[in-house]
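Participant: Take the sequence shown: its letter number 386 is residue 1654 in the numbering used here, and every next letter is one higher.
I have a structure here, written as structure tokens, and I will follow up with some questions on it.
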Amino acid sequence: MSLAVGTPPPPLWNRHTVTEQEAPMDERHRDDLIRAVRDLAPELSARAGDIEQAREIPADLLDRLRAAGCFRMFVPRSHGGYEADLRTGMTVLETLARADGSTGWTVMIGAETPHLLAMLPRERFDKVYADGPDVVVAGGFAPQGRAELADGGYLVDGRWAFASGARHADWIFGNCVLTGDGQPLPGPAGRPPETRSMLFPAERVTVLDTWHTLGLRGTGSDDVVLDGLFCPAEESFDLFTGVPCVPGPGFVAPLVHFVLHLGAVAVGIARGALDDMTALLADGRQRLYARTPLADSPAVRERLGRADLNVRAARALLHALADDLWAACAGDPAAIAALHPTISASLPWVTEVCAAAVDTCYRAAGGGAARDSSPVQRRFRDIHTFAQHAAAAEGWLGNNGAQLLGRPVELAY
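This is the structure in structure tokens:
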């Protein structure tokens, strides 16, 4: 059966009976998804300033992104999605971030929804997707809430920062420290206190207008707050060690997949800066006091040439790691542990490379790049805001070194 982008597969995800997943996304559907996103990219670039000013994706663009299949791309086909492979998802995210960093980030968060919901019991997962595949979850990974044991579930209080896309989300979760009689429940064998994520319909959660930042301004990464709400046990999940309730390689080690998704967004932002810079130089731009156009400067050519190759190298590394991870998820999950250190270390390295490439563009663009109206300035702010993410911290590089030296590796994922 042929399937146009924007049209979900037949409704195998009905309310009562869910057939197990069909074959993964076929080549034609993958090409259609990527084509739809590429067709949308020019409009996203043209409206990047509007997205930034609104501090979230405007409703009409969200509708276009849904229609393109962005928020269903990782959803199982058994539940109306496309069940895209890792490399396809990375291509989509890179393409969007190349057009606009905030859009790439926002779609990344929304598209990862099924990975999180798959940690719920299967019956609950089925109910969430009963009305269609374009479900969006936002929330906080850091355990900034407390969940007190209660009959049949938990009483939850908390405030979580960086809840990207919270204003258009259908569901919002917050990771919590579990407590009993007000005291944190100790983890096994002396480990830190137990944590668990609590899921709520978005209308029950308060979104605070806190997202006033250097870059990635259009992601709507506000704080979310809830006070004394009851969460049934079946609507809670273990974010870091939960077992997915749906089959398929895309749901094995999802947090490791997320690291590579982040890398794809970083590469997209850097490639967008290179696009903006080459377009800027094409009009004969010449710096004050210079004798030749910037495009004819040997120094500028060398710097841009180096930056382009470095970003290509970063992209190639991510793709190679994605292929290794996908093969392990599909055939040998036990092999994933050996990939953890290198994948976790890849993101800070990729981020450094991409930030350096954007910095090169910003410096070469001259005084005009300092204006808010400059797309190069927006890329500069976006990549340096991206670089503050915990998963891009330098410390992760030590994981790769520890593995090379045969030393124990401490992983957060």
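The beta-carbon is built from N, C-alpha and C at its ideal position, and this holds for glycine as well.
Check whether the Cβ atoms of alanine 1613 and tryptophan 1664 sit closer than 7 Å, and answer yes or no.
Facilitator: Yes.
Participant: Can you say whether glutamine 1451 is buried or exposed, counting buried as having 16 or more other CB atoms within 10 angstroms of its CB?
Facilitator: Label assigned to glutamine 1451: exposed.
Participant: DSSP state of phenylalanine 1519, grouped into three classes?
Facilitator: In this structure, phenylalanine 1519 counts as helix in the three-state DSSP scheme.
Participant: Considering only C-alpha positions, which residue in the set Glu1391, His1657, Thr1509, Val1403 is nearest to valine 1375?
Facilitator: Nearest of Glu1391, His1657, Thr1509, Val1403 to valine 1375, Cα basis: Val1403.
Participant: Have a look at Pro1411, Gly1426, Leu1482, Ser1489 and flag the residue whose alpha-carbon is nearest the alpha-carbon of threonine 1463.
Facilitator: Considering only alpha carbons, the answer is Pro1411.
Participant: Can you list, in chain order, the residues of its chain with a C-beta nearer than 7 Å to that of alanine 1386? Leave out the 5 residues immediately preceding and following it.
Facilitator: Excluding sequence neighbours, alanine 1386 sits near Phe1393, Pro1512, Cys1513, Val1514, Phe1519.
Participant: Check for me: the beta strand (DSSP E) holding valine 1475 runs from which residue to which?
Facilitator: It spans 1474 to 1476 - the beta strand (DSSP E) in which valine 1475 sits, taken as one unbroken run.
Participant: Please confirm whether glycine 1369 and aspartate 1600 have their CB atoms less than 7 Å apart.
Facilitator: Taking 7 Å as the Cβ cut-off, glycine 1369 and aspartate 1600 do not qualify as a contacting pair.
Participant: What is the DSSP secondary structure of glutamate 1620, counted as helix, strand or coil?
Facilitator: Glutamate 1620: helix per DSSP, three-state reduction.
Participant: Quick test of the definition: if touching needs 3 or more C-beta pairs under 8 Å, does the region 1425 to 1438 touch the region 1483 to 1491?
Facilitator: Cβ pair count under 8 Å is three or more, so yes.
Participant: Return the Cβ separation of leucine 1562 and valine 1568 in integer angstroms, given the expectation that the two are a contact with Cβ distance under 8 Å.
Facilitator: So it is a contact: roughly 5 Å between Cβ atoms.
Participant: Would you please state the rounded distance, in angstroms, between the beta carbons of alanine 1398 and alanine 1437? I believe it to be under 8 Å.
Facilitator: With 8 Å as the limit, alanine 1398 and alanine 1437 do not qualify as a contact, their Cβ atoms being about 18 Å apart.
Participant: Just tell me which of Cys1338, Ala1655, Val1360, Pro1643 has its CA closest to the CA of alanine 1624.
Facilitator: Looking at the Cα atoms, Ala1655 is the closest of the given residues.
Participant: Looking at C-alpha atoms only, which residue of Val1527, Asp1544, Asp1627, Thr1560 is the closest neighbour of alanine 1575?
Facilitator: Of the candidates Val1527, Asp1544, Asp1627, Thr1560, the one whose C-alpha sits nearest the C-alpha of alanine 1575 is Asp1627.
Participant: Using C-beta distances below 6 Å, list every residue in its chain close to asparagine 1667, excluding the 5 sequence neighbours before and after it, in chain order.
Facilitator: The answer, listed in chain order, is Pro1609, Ser1612, Ala1613, Val1677.
Participant: Quick one, are the C-beta atoms of valine 1445 and proline 1469 less than 7 Å apart?
Facilitator: Against a cut-off of 7 Å, the Cβ pair of proline 1469 and valine 1445 comes out as no contact.
Participant: Please classify alanine 1291 as buried or exposed, where buried requires at least 16 other C-beta atoms within 10 Å of its C-beta.
Facilitator: Note that alanine 1291 has pLDDT 48, beneath the 50 cutoff, so the model's placement of it is unreliable and the number below is only indicative. Answer is exposed; the Cβ neighbour count stays below 16.
Participant: Note the first and the last residue of the continuous alpha helix (DSSP H) segment covering glycine 1510.
Facilitator: Premise fails: glycine 1510 is in no alpha helix (DSSP H) and is neither H nor E.
Participant: Please classify histidine 1529 as buried or exposed, where buried requires at least 16 other C-beta atoms within 10 Å of its C-beta.
Facilitator: Flag for histidine 1529 reads buried.
Participant: Indicate the three-state DSSP secondary structure (helix, strand or coil) for glutamine 1321 in the structure shown.
Facilitator: Helix.
Participant: May I have the straight-line CA-CA distance separating cysteine 1597 from aspartate 1640, to the nearest angstrom?
Facilitator: Cysteine 1597 and aspartate 1640: Cα-Cα distance of roughly 44 Å.
Participant: Can you find the residues in the same chain that come closer than 7 Å, C-beta to C-beta, to threonine 1359, ignoring five residues on each side of it along the sequence?
Facilitator: Here the set comprises Ile1302.
Participant: Measuring alpha carbon to alpha carbon, tell me which of His1652, Glu1662, Ala1638, Asp1591 ends up nearest leucine 1615.
Facilitator: It is Glu1662.
Participant: Restricting to Cα atoms, I'd like to know which of Ile1604, Glu1570, Gly1531, Trp1594 is closest to alanine 1582.
Facilitator: Of Ile1604, Glu1570, Gly1531, Trp1594, the residue nearest in Cα terms is Gly1531.
Participant: Give me the Cα-Cα distance between leucine 1497 and valine 1424, rounded to the nearest whole angstrom.
Facilitator: One C-alpha to the other measures close to 5 Å.
Participant: Report, in whole angstroms, the separation of the C-beta atoms of isoleucine 1604 and valine 1524, which I expect to be a contact under 8 Å.
Facilitator: That belief holds up - the Cβ atoms of isoleucine 1604 and valine 1524 are roughly 7 Å apart, short of 8 Å.
Participant: Would you kindly report the start and end of the unbroken alpha helix (DSSP H) that includes threonine 1356?
Facilitator: Looking at the DSSP string, the run of the alpha helix (DSSP H) that includes threonine 1356 is 1354 to 1367.
Participant: Please state whether DSSP places valine 1405 in a helix, a strand or coil.
Facilitator: In the structure shown, valine 1405 sits in a strand (DSSP, three-state: E or B).
Participant: Locate the beta strand (DSSP E) running through threonine 1447, then write down its first and last residues.
Facilitator: Threonine 1447 -> beta strand (DSSP E) spans 1439 to 1448.
Participant: Considering only the alpha carbon of each residue, which of Pro1344, Asp1331, Glu1295 lies closest to glutamate 1380?
Facilitator: The option with the nearest alpha carbon to glutamate 1380 is Pro1344.
Participant: Between which residues of its own chain and proline 1454 is the CB-CB distance below 7 Å, once the five residues before and five after are set aside?
Facilitator: Counting only Cβ-Cβ distances below 7 Å, and skipping sequence neighbours, we find Pro1461.
Participant: When the Cα atoms are used, what is the spatial distance from leucine 1337 to glutamate 1351?
Facilitator: The question names leucine, yet the displayed sequence has glycine at residue 1337. The alpha-carbon atoms of glycine 1337 and glutamate 1351 are separated by roughly 11 Å.
Participant: Answer yes or no: do arginine 1366 and glycine 1636 have a C-beta to C-beta separation smaller than 7 Å?
Facilitator: Not a contact, by the Cβ cut-off of 7 Å.
Participant: In whole angstroms, give me the CA-to-CA distance for alanine 1658 and phenylalanine 1409.
Facilitator: Each residue's Cα considered, the two are about 11 Å apart.
Participant: Below 8 Å CB to CB, which residues in the same chain sit around aspartate 1592 once its five sequence neighbours on both sides are set aside?
Facilitator: So the qualifying residues of the chain are Leu1607.
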